[in-house]
Amino acid sequence: MSAKIFDLTGKVVVVTGAAGGIGMAVCRQLGGSGATIVLSDIDASGLELSKKELESRGIKCGTFVSNTSIESEVIAFYQYVSKEFGVPDILVNNAAQGTHTPPQDTSLEIWNRVIGTSLTGYFLNAREFARLVIPAKKPAAIVNISSIAGSSAIGRGNFAYSTAKGGVNQFTRELAIEWAKSKIRVNAIQPCSVNTPGWRKWVETEGEAAKALTTLLLRGIPMGRVAEPEDIANAVHFLASDAAAMITGTILPVDGGNLAYNAGGTLGEY
Ligand SMILES: NC(=O)c1ccc[n+]([C@@H]2O[C@H](COP(=O)([O-])OP(=O)(O)OC[C@H]3O[C@@H](n4cnc5c(N)ncnc54)[C@H](O)[C@@H]3O)[C@@H](O)[C@H]2O)c1
């Protein structure tokens with residue numbers, strides 16, 4: 000397959016939660032393939048750092064501080080996108096928040112914060128994106144960053160987050176059907192744990208407890224390692240590119256086999 004099919008020259012890509020972690024890896028990957036990147040986040044100083052790095056790589060970009068869970072801020076963001084960059088081609092819904100709270104201790108405030116960012120925020124961004132793309136009759140792609148938590152329960156107080164991610168999976172399928180005729184492809188990616196700066200900070204601060212949990216997590220990943228942010232960015236690139244022209248409504252695990260592996264399985268040990 001020619002590399003041209005992955006070329007994103009002339010495309011405008013919107014990435015939410017782009018001030019760091021997986022979002023920034025996606026910006027580097029898609030920007031490195033020729034796209035202009037428009038980054039949003041609640042972290043203004045993080046956005047500035049991202050912009051500096053992308054520009055030092057020769058990537059054209061713009062930034063906008065926008066909380067994905069606040070409707071007026073999302074609307075303002077797409078007004079900025081359309082004024083400065085025209086009708087976008089690709090949306091990567093990435094900004095999410097979690098909690099580690101047992102269900103019985105979860106306040107409505109915690110629930111609303113997690114669902115607000117990790118599900119409602121995806122809806123608001125997708126809606127505003129489509130409101131620009133559909134009238135322009137422009138083929139487009141949305142990639143929603145979900146999680147393996149959207150398809151299997153992970154416990155440890157993650158239930159609000161997992162519920163949001165399960166919602167992201169179904170939201171992906173519904174939008175894929177709703178917008179197929181408008182030529183907007185909608186897919187999702189389900190990472191296992193990812194070696195982001197946030198993950199490394201957690202390992203450092205939690206010390207032995209983090210090491211023990213990591214050992215346990217790795218037992219569920221047949222490939223024997225957590226994902227790198229670039230593994231996720233590569234999959235986003237594929238789903239956003241013309242190489243995936245016939246793919247919509249897919250929920251793609253990027254998890255080293257984690258979801259495929261039955262908890263009672265044996266990794267080939269007899
Ligand atoms: N890191 C992992 O191990 C992992 C595993 C599976 C799925 N994911 C998913 O990947 C995506 C990115 O994860 P990450 O680890 O890079 O996260 P992260 O916490 O490092 O980055 C998330 C970014 O989103 C921003 N953000 C948070 N709330 C926001 C809001 N309301 N509005 C706008 N921006 C907001 C943060 O400021 C931050 O820059 C998330 O959807 C996450 O659920 C991550």
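Note that numbering that gives the first Met the number 0 has the sequence shown beginning at 0, numbered continuously upward. Where is the CB? At the ideal position from N, CA and C, for every residue including glycine.
Q: Kindly say whether residue 181, judged by its beta-carbon, lies nearer than 9 angstroms to any beta-carbon of chain C.
A: This model lacks chain C altogether; it includes just one protein chain.
Q: Let me know the secondary structure DSSP gives residue 184 once reduced to three states.
A: For this step, residue 184 is matched to residue 185 along the sequence shown. Three-state result, residue 184: strand.
Q.
Quick check: residue 137 and residue 182, are their CB atoms within less than 9 angstroms of each other?
A. For the purposes of this step, residue 137 is taken as residue 138 along the sequence shown, with counting starting at 1. For the purposes of this step, residue 182 is taken as residue 183 along the sequence shown, with counting starting at 1. Cβ atoms of residue 137 and residue 182: closer than 9 angstroms.
Q: Give every residue of the same chain whose Cβ lies closer than 8 angstroms to the Cβ of residue 23, excluding the five residues on either side of it in the sequence, and list them in chain order.
A: As a first step, residue 23 must be located in the sequence shown, where it is residue number 24. Cβ neighbours of residue 23 beyond the five flanking positions: 17, 49, 52 and 228.
Q | Residue of 34, 41 and 45 minimising C-alpha distance to residue 56 | A | The residue you call residue 56 lines up with position 57 of the sequence shown. Comparing alpha-carbon positions, the option among 34, 41 and 45 lying closest to residue 56 turns out to be 34.
Q. Does the Cβ-Cβ distance between residue 264 and residue 175 come in under 9 angstroms?
A. Numbered from its first residue, the sequence shown carries residue 264 at position 265. Numbered from its first residue, the sequence shown carries residue 175 at position 176. Not in contact: residue 264 and residue 175 (Cβ atoms no closer than 9 angstroms).
Q) For residue 39, which three-state DSSP category applies? A) Sequence index remark: in the sequence shown, residue 39 carries index 40 (1-based). The answer is strand: DSSP assigns residue 39 an E or B state.
Q: Name the two residues that bound the continuous alpha helix (DSSP H) containing residue 212.
A: Locating residue 212 in the sequence shown gives position 213, where the first residue counts as 1. 207-218 is the extent of the alpha helix (DSSP H) around residue 212.
(Q) I believe residue 146 touches residue 190 by the beta-carbon criterion, under 8 angstroms. Please report the beta-carbon distance rounded to the nearest angstrom. (A) Position 147 of the sequence shown, counted from the start, is the residue given in the question as residue 146. Position 191 of the sequence shown, counted from the start, is the residue given in the question as residue 190. The C-beta distance from residue 146 to residue 190 rounds to 6 angstroms, short enough to fall under 8 angstroms.
Q. Which first and last residues belong to the beta strand (DSSP E) in which residue 62 is found?
A. Position 63 of the sequence shown, counting from 1, holds the residue named residue 62. First-last of the beta strand (DSSP E) with residue 62: 60-64.
**Q.** Residue from 156, 78 and 163 whose Cα sits closest to the Cα of residue 129
**A.** As a working mapping, residue 129 is identified with position 130 in the sequence shown. When each option's Cα is compared against that of residue 129, the closest is 78.
Q. With distances taken from CA atoms, which of 209, 188 and 242 is nearest residue 258?
A. The residue given as residue 258 occupies position 259 in the sequence shown. It is 188.
Q: Return the Cβ separation of residue 215 and residue 192 in integer angstroms, given the expectation that the two are a contact with Cβ distance under 8 angstroms.
A: Mapped onto the sequence shown, residue 215 falls at position 216. Mapped onto the sequence shown, residue 192 falls at position 193. No, residue 215 and residue 192 are not in contact; Cβ-Cβ is about 11 angstroms, not under 8 angstroms.
Q: Find out if the Cβ-Cβ distance for the pair residue 67, residue 123 is shorter than 9 angstroms.
A: Here residue 67 refers to the residue found at position 68 when the sequence shown is read from its first residue. Here residue 123 refers to the residue found at position 124 when the sequence shown is read from its first residue. Yes; because the gap between Cβ atoms is below 9 angstroms, this pair is in contact.
Q) Got a sec? Which residues, its chain only, sit under 8 angstroms from residue 226 by beta carbon, not counting five neighbours each side? A) By one-based count along the sequence shown, residue 226 stands at place 227. Counting only Cβ-Cβ distances below 8 angstroms, and skipping sequence neighbours, we find 190, 191, 192, 193, 194, 253, 254 and 255.
**Q.** DSSP state of residue 92 mapped onto helix, strand, coil
**A.** Here residue 92 refers to the residue found at position 93 when the sequence shown is read from its first residue. In the structure shown, residue 92 sits in a strand (DSSP, three-state: E or B).
Q) Do residue 21 and ligand 1 come close, with the Cβ less than 8 angstroms from some heavy atom? A) Position 22 of the sequence shown, counted from the first residue, corresponds to residue 21. Yes, ligand 1 has a heavy atom inside 8 angstroms of this Cβ.
Q: Can you tell me the Cβ-Cβ gap for residue 93 and residue 141, rounded? I've got them flagged as a contact below 8 angstroms.
A: Along the sequence shown, read from residue 1 onward, the residue named residue 93 stands at position 94. Along the sequence shown, read from residue 1 onward, the residue named residue 141 stands at position 142. Going by Cβ atoms, the distance from residue 93 to residue 141 rounds to 11 angstroms, so no, they are not a contact pair.
Q | Whole-angstrom distance between residue 31 and residue 54, CA atom to CA atom | A | In the sequence shown, residue 54 corresponds to position 55, counting from 1. In the sequence shown, residue 31 corresponds to position 32, counting from 1. Cα-Cα distance, rounded: 11 angstroms.
Q | Burial state of residue 197, where buried means 16 or more other Cβ atoms lie within 10 Å | A | Position 198 of the sequence shown, counting from 1, holds the residue named residue 197. Exposed, since its Cβ has fewer than 16 Cβ neighbours within 10 Å.
**Q.** residue 37 vs residue 20 beta-carbon contact at 9 angstroms
**A.** Here residue 37 refers to the residue found at position 38 when the sequence shown is read from its first residue. Here residue 20 refers to the residue found at position 21 when the sequence shown is read from its first residue. No, Cβ-Cβ distance for residue 37 and residue 20 is not below 9 angstroms.
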